[in-house]
Amino acid sequence: MMVKIYTEGHDAVHHPSHYTTQALSCPVECQDIRRHLPQAVADAFKYIWRCGSKGTPEDAETDIRKAIWYLDDFLEHFAVSQFDFTTAKAVFDLVDTSMLTWRAEALAYLAHGKVNEAREVLVKYLDEKERLYAQQSV
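Using my numbering, the letters of the sequence shown map in sequence onto residues 1037 to 1174.
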């Protein structure tokens, strides 16, 4: 029998703080949704969820770029219709997305099997960041 050991507060193994609550108000953790997604989509989901919660602002952009890479890989090798997103959608629907942010929008798209739409949100987010950087350097 496997025994799960959980501790209060930050637990780098069982409940890393960058995967628990972060920018979304919800009673579930990232892993509660990820486990119901295809692997590449789950990896993208993880990077979007934790974006900005681990490391520097540059690391946050790297997380988004990694998420896009995983989505591109998924779209190159699979058809979304090959997978059932019903459970991921049901679990994600517990998340409060009333404050619709680019992150909540992208995660909702992924949980609902709308991989192309999630990718578009991420690319648009990065394009906007690059535009703002360009304006600041003028």
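C-beta atoms are modelled at their ideal positions from N, C-alpha and C, and glycine is treated no differently.
Using only CA atoms, which one of 1087, 1147 and 1076 lies nearest to residue 1112? 1076
The alpha helix (DSSP H) spanning residue 1114 covers which residue range? Looking at the DSSP string, residue 1114 is not in any alpha helix (DSSP H), and its letter there is neither H nor E.
Can you tell me which of the three DSSP states residue 1129 falls into? coil
Does residue 1095 pass the burial test, meaning 16 or more other C-beta atoms within 10 Å, or should it be called exposed? exposed
Measuring straight from C-alpha to C-alpha, what distance separates residue 1154 and residue 1131? 17 Å
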